[in-house]
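**Q** Before we start, here is the structure in question, set down as structure tokens.
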Amino acid sequence: MQPFLECWPYTTNGCGLLACAPAALRFSSSPTGRPVVALAGRADLCLNSGCSRKGGPVADRRLQVFHAVAKHLSFTKAGEALHMTQPAVTFQIKQLEERFNTRLFERGGARVSLTAAGEVVLDYAERILGLSNELDIRIAEMTGQMSGSLLVGASTTIAEFMLPPILGEFNVRYPQVRARLTVANSEAISNAVAAHTLDIGLIESKITHPALQCELCGDDELQVVCTPGHPLASRSEVDARSLLAHDFIAREPGSGTREVTDDYLRACGIEPGKLKTLMELSSPEALKGVVATGLGCSIVSRASFEKERQLGSLIAIPLRPPLRRTLSLVYPKERFRSRVVLTFVDFAKAKLHELTA
Numbered sequence: 006m007q008p009f010l011e012c013w014p015y016t017t018n019g020c021g022l023l024a025c026a027p028a029a030l031r032f033s034s035s036p037t038g039r040p041v042v043a044l045a046g047r048a049d050l051c052l053n054s055g056c057s058r059k060g061g062p063v064a065d066r067r068l069q070v071f072h073a074v075a076k077h078l079s080f081t082k083a084g085e086a087l088h089m090t091q092p093a094v095t096f097q098i099k100q101l102e103e104r105f106n107t108r109l110f111e112r113g114g115a116r117v118s119l120t121a122a123g124e125v126v127l128d129y130a131e132r133i134l135g136l137s138n139e140l141d142i143r144i145a146e147m148t149g150q151m152s153g154s155l156l157v158g159a160s161t162t163i164a165e166f167m168l169p170p171i172l173g174e175f176n177v178r179y180p181q182v183r184a185r186l187t188v189a190n191s192e193a194i195s196n197a198v199a200a201h202t203l204d205i206g207l208i209e210s211k212i213t214h215p216a217l218q219c220e221l222c223g224d225d226e227l228q229v230v231c232t233p234g235h236p237l238a239s240r241s242e243v244d245a246r247s248l249l250a251h252d253f254i255a256r257e258p259g260s261g262t263r264e265v266t267d268d269y270l271r272a273c274g275i276e277p278g279k280l281k282t283l284m285e286l287s288s289p290e291a292l293k294g295v296v297a298t299g300l301g302c303s304i305v306s307r308a309s310f311e312k313e314r315q316l317g318s319l320i321a322i323p324l325r326p327p328l329r330r331t332l333s334l335v336y337p338k339e340r341f342r343s344r345v346v347l348t349f350v351d352f353a354k355a356k357l358h359e360l361t362a
């Protein structure tokens, strides 16, 4: 009878496949009576090249799971993002920790934090996963495809009032591109792009960040808004000092609108803290809703005001001198940009110029 290759005695290695346990290299018999070729000293040998035992390569999925847990600092949230159960996430992390023979996360109740080793693994994981994605994109581009993911971030005003038609038309032209939009204030979007969790950001101010490239792509005028019965409503223009006499509804710190408004007031010799600010709101729609109740006036983008202008619920009054701000595209410096991202940059710049002309 011809011998066949079998690992015996055997043990599972944690990935559901058989691994060879220590044994002498010899012909012997298994419990089934069949001749066996046993392998000596190879407890790490696994039939799966993606196994996480020592000496084997790290599977992409394990790095993806690790990266998700490291970014969310939560096994539950990582599982939700990856459509995996929490036990499955825990198992993948356990395998990776066994692979490196060290803990990658500190777990204390509901709190999760990276160990020093985990920080190192995160640095390499981001580069490995980034290169893997770049490889997919490069090969797709060689075959002439315009496809893949597009992670776009936009500050609130741009996302709500300018970006929908841009994304819609881009999707019509390139239906194989899957766009995902994240909405936050300008500061948060810039930080996300710098952290490489977004491909590109559209924000309401020009920023200076060592990791980001910033391109101007249009401008936007901001005006005072109030109800038709407000004391300012009869004016054709409003100077900054006149705002001090009225209750004011402001955007939240970190928003592009708040930043440019504060800078404008300082340029006019007024400290923003001297305004009679009743509340700070993170949503342009909520802000306009509060102003519509007659509680106070505010400063908003002209692009966000079209609906209220048509309804007559609010009126807009230009500031003197006019308040204009730049709209910017931001993306990481010195990083590979796919043809999808480059195409969207050119497309969005052209459309924003049209919308704000």
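Numbering (my numbering), first residue to last: 6 to 362. Where is the CB? At the ideal position from N, CA and C, for every residue including glycine. None of these values were measured; they are calculated from a predicted model.
DSSP has N332 in a bridge; who is on the other side?
**A** Taking the sequence shown and counting its residues from 1, one reaches residue 332 at position 327. Here the sequence assigns Leu to residue 332, which means Asn is not the residue at that position. BP columns for L332 point to G223.
**Q** Taking 8 Å as the CB-CB cut-off, is N190 touching chain B?
**A** Looking for chain B here will not work: only one protein chain is present.
**Q** If I measure Cβ to Cβ from K356 and keep anything under 8 Å in the same chain, skipping five residues before and after, which residues do I get?
**A** Stepping through the sequence shown from its first residue, residue 356 is reached at position 351. Once the five neighbours on either side are set aside, the close Cβ partners of K356 are P170, I171, E174.
**Q** Any idea if S210 is buried or exposed, counting beta-carbon neighbours within 10 angstroms, 16 or more meaning buried?
**A** Along the sequence shown, one-based indexing puts residue 210 at 205. Buried, because 16 or more other Cβ atoms sit within 10 Å of the Cβ of S210.
**Q** Note the first and the last residue of the continuous alpha helix (DSSP H) segment covering E257.
**A** What you label residue 257 is simply residue 252 of the sequence shown in a count that begins at 1. Segment: none, E257 is in no alpha helix (DSSP H) and carries neither H nor E.
**Q** For L155 and S137, I'd like the C-alpha separation in whole angstroms.
**A** To locate residue 155, count along the sequence shown from 1; it is residue 150. To locate residue 137, count along the sequence shown from 1; it is residue 132. Straight-line Cα distance between these residues: approximately 16 Å.
**Q** Where does V41 fall in DSSP's three states?
**A** Start at 1 with the first residue of the sequence shown, and residue 41 comes out as number 36. Because the pLDDT of V41 is 35, which lies under 50, any placement of that residue in the model is unreliable, and the question is left without a value.
**Q** Can you name, in chain order, every residue of its own chain whose Cβ lies under 8 Å from the Cβ of P364, other than the five neighbours on each side?
**A** This structure does not reach residue 364, given that the chain is present from 6 up to 362, and the question cannot be answered.
**Q** Can you give me the Cβ contacts of I108 inside the same chain, cut-off strictly under 8 Å, excluding the 5 residues immediately before and after it?
**A** Along the sequence shown, one-based indexing puts residue 108 at 103. First, the residue type needs correcting, since residue 108 is Arg and not Ile in the sequence shown. Contacts found: E102, T120, A122, G123.
**Q** Take the Cβ of G206 as the centre, count every other Cβ of all protein chains shown within 10 Å, and call the residue buried at 16 or more, exposed below.
**A** Position 201 of the sequence shown, counted from the start, is the residue given in the question as residue 206. The residue in question, G206, is buried, as its Cβ has 16 or more Cβ neighbours within 10 Å.
**Q** Report buried or exposed for P337, applying the criterion of at least 16 other Cβ atoms within 10 angstroms of its Cβ.
**A** The residue you call residue 337 lines up with position 332 of the sequence shown. Its Cβ being crowded by 16 or more others within 10 Å, P337 is buried.
**Q** I need the straight-line Cα distance from L300 to K354, nearest angstrom please.
**A** The residue labelled residue 300 in the question sits at position 295 within the sequence shown. The residue labelled residue 354 in the question sits at position 349 within the sequence shown. So the alpha carbons of these two residues sit roughly 37 Å apart.
**Q** Nearest-angstrom Cα distance between L78 and S118?
**A** For the purposes of this step, residue 78 is taken as the residue at position 73 of the sequence shown. For the purposes of this step, residue 118 is taken as the residue at position 113 of the sequence shown. C-alpha separation (whole angstroms): 6 Å.
**Q** If you measure between the beta carbons of L332 and D224, is that distance less than 8 Å?
**A** For the purposes of this step, residue 332 is taken as residue 327 along the sequence shown, with counting starting at 1. For the purposes of this step, residue 224 is taken as residue 219 along the sequence shown, with counting starting at 1. Against a cut-off of 8 Å, the Cβ pair of D224 and L332 comes out as a contact.
**Q** Rounded to whole angstroms, what's the CA-CA distance from I133 to R67? Just pull it up for me.
**A** Within the sequence shown, residue 133 is the residue found at index 128, counting from 1. Within the sequence shown, residue 67 is the residue found at index 62, counting from 1. If I take the Cα positions, the gap works out to 12 Å.
**Q** Tell me, to the nearest whole angstrom, how far the beta carbon of T161 is from that of S288; I am working on the premise that it is less than 8 Å.
**A** As a first step, residue 161 must be located in the sequence shown, where it is residue number 156. As a first step, residue 288 must be located in the sequence shown, where it is residue number 283. By a beta-carbon distance limit of 8 Å, T161 contacts S288. Their separation comes to about 7 Å.
**Q** Could you tell me the boundaries of the alpha helix (DSSP H) in which R178 lies?
**A** Looking up residue 178 in the sequence shown gives position 173. That run of the alpha helix (DSSP H) goes 168 to 178.
**Q** On the DSSP bridge assignment, give the partners of P337 in chain order.
**A** Indexing the sequence shown from 1 puts residue 337 at position 332. Paired residue(s): L217.
**Q** Buried or exposed: where does Y269 fall if 16 or more other Cβ atoms within 10 Å of its Cβ makes it buried?
**A** If you number the sequence shown from 1, residue 269 lands on position 264. With 16 or more other Cβ atoms within 10 Å, it is buried.
**Q** Can you look up F80 in the DSSP assignment and give me helix, strand or coil?
**A** As a working mapping, residue 80 is identified with position 75 in the sequence shown. F80: helix per DSSP, three-state reduction.
**Q** If I follow the unbroken beta strand (DSSP E) through A93, where does it start and stop?
**A** Within the sequence shown, residue 93 is the residue found at index 88, counting from 1. Here A93 belongs to no beta strand (DSSP E); instead the alpha helix (DSSP H) covers 91 to 105.
**Q** Out of curiosity, what's the CA-to-CA distance linking K82 and G317?
**A** Here residue 82 is taken as the residue at index 77 of the sequence shown, counted from 1. Here residue 317 is taken as the residue at index 312 of the sequence shown, counted from 1. Cα to Cα, the separation comes out at about 44 Å.
**Q** Per DSSP, G153 forms a beta bridge with which residues?
**A** Taking the sequence shown and counting its residues from 1, one reaches residue 153 at position 148. Answer is V182, bridged to G153.
**Q** E257 to A238, Cα distance in whole Å?
**A** Walking along the sequence shown from the start, residue 257 turns up at place 252. Walking along the sequence shown from the start, residue 238 turns up at place 233. Roughly 25 Å separates the two Cα atoms.
**Q** Is the beta carbon of A199 closer than 8 Å to that of A216?
**A** For the purposes of this step, residue 216 is taken as residue 211 along the sequence shown, with counting starting at 1. For the purposes of this step, residue 199 is taken as residue 194 along the sequence shown, with counting starting at 1. Yes, the Cβ-Cβ distance between A216 and A199 is below 8 Å.
**Q** Along the alpha helix (DSSP H) that carries L316, what are the first and last residues, could you check?
**A** On the sequence shown, position 311 is the one that residue 316 refers to. Run containing L316: 311 to 316, per the alpha helix (DSSP H) assignment.
**Q** Which of the three DSSP states is assigned to R263 in this structure?
**A** Counted from its first residue, the sequence shown places residue 263 at position 258. Helix at R263.
**Q** Bridge partners of S306, per DSSP?
**A** The residue labelled residue 306 in the question sits at position 301 within the sequence shown. Looking at the DSSP assignment, S306 forms a beta bridge with L227.
**Q** For my contact list, V243 and V305 are in at a C-beta cut-off of 8 Å; report their separation, rounded to the angstrom.
**A** For the purposes of this step, residue 243 is taken as residue 238 along the sequence shown, with counting starting at 1. For the purposes of this step, residue 305 is taken as residue 300 along the sequence shown, with counting starting at 1. Actually they do not touch by this definition, with Cβ atoms about 13 Å apart.
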